[in-house]
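Reviewing the structure listed below.
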Amino acid sequence: MLKHWGCRVFVMSRGGIHQQLAAELGADWMGNAADRPPASLDASILFAPAGDLVPAAMTALDRGGILAIAGIYLSRISQLDYERDLFYEKELRSVTANTRADGEEFLRIAGDIPIKTSTVGLKLGEANRALNMLKHDELRGAAVLHVS
Amino acid sequence: MHAMVLEHPSPIEGNPLREVDVEVPVPGAGEILVRVKTCGVCRTDLHVCEGDLQPKHPQIIPGHEIVGIVERLGPKCKRFTVGARVGIAWLRETCGVCNYCRRGRENLCPNARFTGWDHDGGYADFATVGEDFTYSIPSTVDDEHAAPLLCAGIIGYRAIKRAEIKPGATVGLYGFGGSAHLVL
């Protein structure tokens with residue numbers, strides 16, 4: 047979606063298969079989770095449930111930049127430095143579920159672009175395995191259970 | 667019907683989900699019964715299974731990225747017909763009368779209920795949902811590739827809006843799983 051909008055996107059991820067997928071999908075730069083990206087960022091999204099990444103993500107923002115935390119769960123956020131991480135009107139925001147309007151807008155956009163989903167198909171009875179793979183960074187994209 | 671139920675939250679390496687036969691749920695007024703075709707596996711399911719998010723009832727069936735076919739309509743349903751292709755997502759009920767709902771911020775409703783956490787989800791042959799919280803699925807996307815759109819995709823989109831990302835912006839993504847790859 048962001049590449050469709052002409053954005054420059056830097057991906058910070060701990061896993062090799064994730065960085066490989068990011069490269070294939072058009073990311074402009076890949077680094078490890080706490081690496082400093084090659085340019086200041088207008089905005090960032092934290093998907094990893096790792097609060098210790100928040101200070102580095104805030105530091106990497108440009109003045110006026112916004113970090114949105116996408117997850118429902120996050121481990122404890124490490125200490126922030128006001129001058130380095132928040133001053134110059136940087137903002138730290140959470141994301142809490144979604145409205146139905148968000149869902150309808152997104153599904154319309156997803157169908158129009160159309161957004162490409164990378165999936166790993168599994169059987170319903172393999173749900174434990176799918177969650178294990180998710181936990182241990184063994185999925186290239188999203189696991190999907192085939193039910194009927 | 668076949669279902670994967672969570673007996674007791676515990677580390678996923680111990681396989682806390684158990685495959686069982688349970689009764690097919692009956693749709694109530696305003697609800698539809700959906701025959702599940704595919705269900706995406708989301709990190710929130712992992713948090714529920716491991717107890718980071720405590721399940722709201724015993725033996726819950728996780729799963730909230732559901733693509734399926736309308737099997738049966740409950741009383742007073744008008745929006746879909748039997749056989750329609752639909753999606754069920756995380757948010758499944760809000761009160762509609764609180765300050766947040768009335769201001770268009772139903773995601774903050776203190777009475778909200780969620781699929782696969784408050785109510786059984788899509789790791790099963792069938793699932794029910796209120797028709798007002800049901801989505802039509804784009805015809806350009808097949809069942810497997812549509813499932814992750816229903817949480818990973820929608821939440822990613824919500825995050826884009828919350829971060830006020832505009833076309834041409836320079837953006838950082840921290841973590842690159844099911845949601846981030848759709849955002850990219």
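If you read the protein sequences in the order shown, they are chains A and B. If you're matching positions, the first sequence starts at 47 in our numbering and goes up one per residue. If you're matching positions, the second sequence starts at 667 in our numbering and goes up one per residue. Positions of the beta carbon are idealized from the N, C-alpha and C atoms, including for glycine.
DSSP three-state assignment for residue i, whether helix, strand or coil
{"i": "residue 104 of chain A", "result": "helix"}
{"i": "residue 147 of chain A", "result": "helix"}
{"i": "residue 767 of chain B", "result": "helix"}
{"i": "residue 842 of chain B", "result": "coil"}
{"i": "residue 153 of chain A", "result": "helix"}
{"i": "residue 115 of chain A", "result": "strand"}
{"i": "residue 794 of chain B", "result": "strand"}
{"i": "residue 748 of chain B", "result": "coil"}
{"i": "residue 192 of chain A", "result": "strand"}
{"i": "residue 687 of chain B", "result": "strand"}
{"i": "residue 182 of chain A", "result": "coil"}
{"i": "residue 52 of chain A", "result": "coil"}
{"i": "residue 82 of chain A", "result": "coil"}
{"i": "residue 187 of chain A", "result": "coil"}
{"i": "residue 710 of chain B", "result": "helix"}
{"i": "residue 126 of chain A", "result": "coil"}
{"i": "residue 801 of chain B", "result": "strand"}
{"i": "residue 821 of chain B", "result": "helix"}
{"i": "residue 705 of chain B", "result": "strand"}
{"i": "residue 88 of chain A", "result": "strand"}
{"i": "residue 778 of chain B", "result": "coil"}
{"i": "residue 755 of chain B", "result": "coil"}
{"i": "residue 137 of chain A", "result": "strand"}
Near the ligand NAD: residue i beta-carbon under 7 angstroms from a heavy atom
{"i": "residue 779 of chain B", "result": "As for the ligand NAD, it is missing from this structure, which has no ligand bound."}
Test item: CB-CB of residue i and residue j under 8 angstroms
{"i": "residue 90 of chain A", "j": "residue 789 of chain B", "result": "no"}
{"i": "residue 780 of chain B", "j": "residue 758 of chain B", "result": "yes"}
{"i": "residue 817 of chain B", "j": "residue 740 of chain B", "result": "no"}
{"i": "residue 755 of chain B", "j": "residue 730 of chain B", "result": "yes"}
{"i": "residue 849 of chain B", "j": "residue 47 of chain A", "result": "yes"}
{"i": "residue 71 of chain A", "j": "residue 87 of chain A", "result": "no"}
{"i": "residue 812 of chain B", "j": "residue 727 of chain B", "result": "no"}
{"i": "residue 683 of chain B", "j": "residue 173 of chain A", "result": "yes"}
{"i": "residue 764 of chain B", "j": "residue 777 of chain B", "result": "yes"}
{"i": "residue 67 of chain A", "j": "residue 175 of chain A", "result": "no"}
{"i": "residue 69 of chain A", "j": "residue 99 of chain A", "result": "no"}
{"i": "residue 809 of chain B", "j": "residue 733 of chain B", "result": "yes"}
{"i": "residue 54 of chain A", "j": "residue 799 of chain B", "result": "no"}
Residue of the options minimising C-alpha distance to residue i
{"i": "residue 93 of chain A", "options": "A/82, A/119, A/75 and A/51", "result": "A/119"}
{"i": "residue 140 of chain A", "options": "B/754, B/824 and B/711", "result": "B/824"}
{"i": "residue 775 of chain B", "options": "A/144, A/87 and A/179", "result": "A/144"}
{"i": "residue 822 of chain B", "options": "A/133, A/116, A/194 and A/57", "result": "A/116"}
{"i": "residue 814 of chain B", "options": "B/698, B/832 and B/704", "result": "B/704"}
{"i": "residue 736 of chain B", "options": "B/752, B/756, B/686 and B/801", "result": "B/752"}
{"i": "residue 136 of chain A", "options": "A/69, A/148, A/102 and A/156", "result": "A/102"}
{"i": "residue 49 of chain A", "options": "A/66, A/73 and A/82", "result": "A/73"}
{"i": "residue 60 of chain A", "options": "A/150, A/182, A/178 and A/189", "result": "A/182"}
{"i": "residue 820 of chain B", "options": "A/99, A/153 and A/127", "result": "A/153"}
{"i": "residue 743 of chain B", "options": "B/795, B/701, B/829 and B/685", "result": "B/795"}
{"i": "residue 719 of chain B", "options": "B/809, B/835 and B/782", "result": "B/782"}
{"i": "residue 716 of chain B", "options": "A/126, A/194, A/180 and A/163", "result": "A/180"}
{"i": "residue 132 of chain A", "options": "A/142, A/109 and A/165", "result": "A/109"}
{"i": "residue 702 of chain B", "options": "B/721, B/761 and B/787", "result": "B/787"}
Beta-carbon proximity list for residue i, same chain, < 6 angstroms, skipping 5 on both sides
{"i": "residue 97 of chain A", "result": "120, 121, 122 and 123"}
{"i": "residue 745 of chain B", "result": "797"}
{"i": "residue 77 of chain A", "result": "58"}
{"i": "residue 676 of chain B", "result": "682"}
Residue environment, residue i, which counts as buried when at least 16 other CB atoms sit within 10 Å
{"i": "residue 171 of chain A", "result": "exposed"}
{"i": "residue 645 of chain B", "result": "Because chain B here runs from 667 to 850, residue 645 of chain B falls outside it and cannot be looked at."}
{"i": "residue 709 of chain B", "result": "buried"}
{"i": "residue 807 of chain B", "result": "buried"}
{"i": "residue 130 of chain A", "result": "exposed"}
{"i": "residue 64 of chain A", "result": "buried"}
{"i": "residue 845 of chain B", "result": "buried"}
{"i": "residue 692 of chain B", "result": "exposed"}
{"i": "residue 852 of chain B", "result": "Summary: the structure shown does not reach residue 852 of chain B, with chain B confined to residues 667 through 850, and so no result is reported for it."}
{"i": "residue 723 of chain B", "result": "exposed"}
{"i": "residue 158 of chain A", "result": "exposed"}
{"i": "residue 847 of chain B", "result": "buried"}
{"i": "residue 801 of chain B", "result": "buried"}
{"i": "residue 673 of chain B", "result": "exposed"}
{"i": "residue 769 of chain B", "result": "exposed"}
{"i": "residue 828 of chain B", "result": "buried"}
{"i": "residue 842 of chain B", "result": "buried"}
{"i": "residue 697 of chain B", "result": "buried"}
{"i": "residue 127 of chain A", "result": "exposed"}
Own chain residues within Cβ distance below 7 angstroms of residue i, not counting five before or after
{"i": "residue 712 of chain B", "result": "678"}
{"i": "residue 749 of chain B", "result": "735 and 736"}
{"i": "residue 112 of chain A", "result": "89, 137 and 139"}
{"i": "residue 167 of chain A", "result": "190 and 192"}
{"i": "residue 194 of chain A", "result": "none"}
Sequence-distant residues of its chain with Cβ nearer than 8 angstroms to residue i (five each side left out)
{"i": "residue 84 of chain A", "result": "56 and 75"}
{"i": "residue 125 of chain A", "result": "101"}
8 angstroms Cβ cutoff, residue i in contact with chain C
{"i": "residue 742 of chain B", "result": "Of the protein chains in the structure, A and B, none is chain C."}
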